[in-house]
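Enquirer:
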Amino acid sequence: MGERTDTIAGLDDIAVPEYIDERLAAKALVNGLGLQSVRIVECKITRATANGDNYMSDVFRLAVRYVAEQSGDERTISLVAYTKEATMFRDVVPALSELTGGMFFAARCFYASDLPERLLVFEDLKALGYVTVNRQAGLDFEHCALVMRKIGQFHAASMRFAEQRLELLQRQFHFNMFNPDHGEASGQLRTIFEKGLEALIAVARERWDGFDQTIVQKLERLAPVYIDRLRACLEQDCEADGGYRVLNHGDLWSNNMLFRYDPTEPATVQDVAFVDLQISFYSSPGVDLNYVLATCPNYDTRARLDELIELYYASFRDTLEQLQYTARPIPSLADVRREIRRMEFYALVSVVSVLPIVVMDHTDELVANFENLIDGKDAARARDIQYNGVNYQRIVRPMLIEFNQRKMLDI
Numbered sequence: 001m002g003e004r005t006d007t008i009a010g011l012d013d014i015a016v017p018e019y020i021d022e023r024l025a026a027k028a029l030v031n032g033l034g035l036q037s038v039r040i041v042e043c044k045i046t047r048a049t050a051n052g053d054n055y056m057s058d059v060f061r062l063a064v065r066y067v068a069e070q071s072g073d074e075r076t077i078s079l080v081a082y083t084k085e086a087t088m089f090r091d092v093v094p095a096l097s098e099l100t101g102g103m104f105f106a107a108r109c110f111y112a113s114d115l116p117e118r119l120l121v122f123e124d125l126k127a128l129g130y131v132t133v134n135r136q137a138g139l140d141f142e143h144c145a146l147v148m149r150k151i152g153q154f155h156a157a158s159m160r161f162a163e164q165r166l167e168l169l170q171r172q173f174h175f176n177m178f179n180p181d182h183g184e185a186s187g188q189l190r191t192i193f194e195k196g197l198e199a200l201i202a203v204a205r206e207r208w209d210g211f212d213q214t215i216v217q218k219l220e221r222l223a224p225v226y227i228d229r230l231r232a233c234l235e236q237d238c239e240a241d242g243g244y245r246v247l248n249h250g251d252l253w254s255n256n257m258l259f260r261y262d263p264t265e266p267a268t269v270q271d272v273a274f275v276d277l278q279i280s281f282y283s284s285p286g287v288d289l290n291y292v293l294a295t296c297p298n299y300d301t302r303a304r305l306d307e308l309i310e311l312y313y314a315s316f317r318d319t320l321e322q323l324q325y326t327a328r329p330i331p332s333l334a335d336v337r338r339e340i341r342r343m344e345f346y347a348l349v350s351v352v353s354v355l356p357i358v359v360m361d362h363t364d365e366l367v368a369n370f371e372n373l374i375d376g377k378d379a380a381r382a383r384d385i386q387y388n389g390v391n392y393q394r395i396v397r398p399m400l401i402e403f404n405q406r407k408m409l410d411i
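Residue numbers are given in the UniProt record's numbering: position 205 of the sequence shown equals residue 205, and the series is strictly consecutive.
1. Is it right to say E339 is buried, meaning 16 or more other beta carbons lie within 10 angstroms of its own, or is it exposed?
2. Since M148 is in the alpha helix (DSSP H), which residue starts that stretch and which ends it?
3. So, Y291 versus S350, is the Cβ gap smaller than 7 Å?
4. What does DSSP give as the partner residues of M343 in its beta bridges?
5. Counting pairs of beta carbons, one from the segment 158-168 and one from the segment 323-339, are three or more of them closer than 8 Å?
6. What does DSSP give as the partner residues of F105 in its beta bridges?
7. Taking the C-alpha atoms as reference points, what is the distance between Q188 and Y392?
8. Pairs of beta-carbons, one from the segment 224-231 and one from the segment 193-213, closer than 8 Å: are there three or more?
9. By a C-beta neighbour count over all protein chains shown, 10 Å radius and 16 as the cutoff for buried, is H143 buried or exposed?
10. Going by DSSP, what residue range makes up the beta strand (DSSP E) through M257?
11. For L62, which option in R75, K44, T76 has the closest C-alpha, if you only look at C-alpha atoms?
12. Which same chain residues end up closer than 6 Å to F89 when comparing Cβ atoms and leaving out the 5 residues on each side of it in sequence?
13. Have a look at Y19, V16, L348 and flag the residue whose alpha-carbon is nearest the alpha-carbon of L200.
14. Compare the C-alpha of G238 against each of S353, G129, R342, C296 and name the closest.
15. In chain order, what residues of the same chain lie with their CB nearer than 7 Å to the CB of T87, ignoring the 5 residues before and after it?
16. In terms of alpha-carbon separation, which member of K27, D124, M148 lies closest to Y111?
17. Taking Q270 as part of the alpha helix (DSSP H), name the residues at either end of that continuous run.
18. I need the DSSP call for A380, collapsed to helix, strand or coil.
19. Do A68 and L35 have their C-beta atoms within less than 7 Å of each other?
20. Going by C-alpha to C-alpha distance, which of P285, S280, V38, N388 sits closest to L168?
21. Compare the Cα-Cα distances from Q217 to each of G210, R205, S353 and report the closest residue.
22. Which residue wins for smallest C-alpha separation from L293, given the options S283, P285, L305?
23. Relative to the C-alpha of L234, which candidate in V287, E220, I215, E265 has its C-alpha closest?
24. For L311 versus A156, is the C-beta spacing smaller than 7 Å?
25. Under 7 Å between the Cβ atoms of T301 and D140?
26. Only counting the same chain, and skipping five residues up and downstream in sequence, which positions put a Cβ closer than 6 Å to that of Q236?
27. Under a three-way DSSP split, which group does Y291 fall into?
28. Tell me, to the nearest whole angstrom, how far the beta carbon of A147 is from that of V272; I am working on the premise that it is less than 8 Å.
29. Once DSSP output is grouped into helix, strand and coil, what is the label at N298?
30. For A145, which residues from the same chain have a beta carbon less than 6 Å from its beta carbon, with the 5 sequence-adjacent residues on both sides left out?
31. Specify the secondary structure class of L355 as computed by DSSP and reduced to three states.
32. With a cut-off of 8 Å on the beta carbons, I'd call G129 and P297 a contact; round off their distance for me.
33. What is the DSSP secondary structure of S284, counted as helix, strand or coil?
34. Starting from N391 and walking both ways along the alpha helix (DSSP H), at which residues does that stretch end?
35. Straight-line CA distance for R406 to I215?
36. Would the beta-carbon of G210 fall within 7 Å of that of S315?
Next comes the structure, spelled out in structure tokens:
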């Protein structure tokens, strides 16, 4: 199937796959709402994310006006179509929600298909009142606390799910971001990580006045084995020495979270839902915890990471108890901290190669997206802006000192 370039509904010069159309909307409504048939009155297609908000899938919003043939009633609904893996949203997330009494982890999947392309169609979270946040500003403590409680519930539910469907988790979710099935996308991530470290070294050596140059020298020695160390970290057998596994989100940063606020008190955040779980994998919870704590909190909240870990643990433990989990003793807070330490190299990679993208300010000359970091004339300029950013330096300089003290930079 090819692509078409639509100019309808604001999609000037944006390629929309041919299979995202009224027929797809009809299939999604019949499947998701349990209808016998529908007649599409109108289907407006728009891009659902701005440039820079996604890097492994295209996302489109379908505003659909339809008639349910049985009743003759005309209704409207907003759907979101992702071109990516279906198993997580079609099979796993609904099961985790059911286990936890209807906990809302992610949008309801109306339709999933691997042909002609990998494609998912969801209920639109925006229509349910969920919105994105300013990723450059970082999340304050209240937002972070909500995320930690929700991911604690998600991890716990996945452990109960593993009692029932272990083979599915082992078969479908044993790869991390280096999944060979992701092909070009995995290669792009490798490029982003490697080039990010190179940029940090250059900026810290040449422009960070007063910064300990022995740390820079250690980063230079780390560079040739940086990706190998990351792979070794992610591919550890965490159960071999008494650790435990959960189903990780895999890409738990602020762009993959949507928040809902109290309509009567707009400053009060009520709930968070997760999106973009396409690199979820079954491994140590230290993967998600290192990543989210490295990339999401704002500067002030970073002084309260221990509190956030404790909030995560309370939610995780309470959910396992409610689910009557008995496969093994419920992990302790010390066990959780041990898993965070096990995967701490991932925190280093997140700070060095992902956080600069998160906190990069939007500029008129350059869009802060992953595509601009892979290749081409904009890559060097983008990294120069990112690694020289005041907010990034304020966060990362003390973290690099801490990583050095914990001997994470040694090879």
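The beta carbon of each residue, even a glycine, is placed where N, CA and C say it ideally should be.
Expert: With the given structure in hand:
1. Buried: at least 16 other Cβ atoms inside 10 Å.
2. 141-172 is the span of the alpha helix (DSSP H), which, as asked, contains M148.
3. Yes, the pair counts as a contact, with Cβ atoms nearer than the cut-off.
4. Under DSSP, no beta-bridge partner is assigned to M343.
5. Here the segment 158-168 lies against the segment 323-339, with 3 or more beta-carbon pairs under 8 Å apart.
6. Note: F105 sits in no beta bridge, so no partner.
7. Rounded to the nearest angstrom, the two C-alpha atoms are 23 Å apart.
8. The answer is yes - the segment 193-213 touches the segment 224-231, with three or more Cβ pairs under 8 Å.
9. H143 should be labelled buried.
10. M257: member of the beta strand (DSSP E) spanning 257-262, first to last residue.
11. Nearest of R75, K44, T76 to L62, Cα basis: K44.
12. Contacts found: C109, L120.
13. Looking at the Cα atoms, L348 is the closest of the given residues.
14. Gly is not the amino acid found at residue 238; the sequence shown has Cys there. Of S353, G129, R342, C296, the smallest CA-CA separation from C238 is found for R342.
15. These residues qualify, in order along the chain: Q172.
16. Cα-wise, what sits closest to Y111 is K27.
17. For Q270, there is no enclosing alpha helix (DSSP H); the enclosing beta strand (DSSP E) covers residues 265-274.
18. Secondary structure of A380 (DSSP, three-state): helix.
19. Contact check for A68 against L35 passes: the beta carbons are separated by less than 7 Å.
20. Between L168 and the set P285, S280, V38, N388, the nearest pair of CA atoms involves S280.
21. Looking only at G210, R205, S353, the smallest Cα-Cα distance to Q217 is reached by R205.
22. Comparing alpha-carbon positions, the option among S283, P285, L305 lying closest to L293 turns out to be L305.
23. Answer by Cα proximity: V287.
24. Cβ distance not < 7 Å, so L311 and A156 don't count as in contact.
25. The Cβ atoms of T301 and D140 sit closer than 7 Å to each other.
26. If we look at Q236 and ignore the five residues flanking it on each side, it has no Cβ neighbours.
27. Three-state result, Y291: helix.
28. Sequence check: residue 147 is Val here, not Ala. That pair is a contact at about 6 Å.
29. In the structure shown, N298 sits in coil (DSSP, three-state: anything other than H, G, I, E or B).
30. If we look at A145 and ignore the five residues flanking it on each side, its Cβ neighbours are L311.
31. Reduced to three states, the DSSP call for L355 is helix.
32. About 24 Å separates the Cβ atoms of G129 and P297, ruling out a contact at the 8 Å cut-off.
33. Correct three-state label for S284: coil.
34. First-last of the alpha helix (DSSP H) with N391: 390-405.
35. So the two alpha carbons sit approximately 12 Å from each other.
36. Their beta carbons are not under 7 Å apart, which means G210 does not touch S315 by this criterion.
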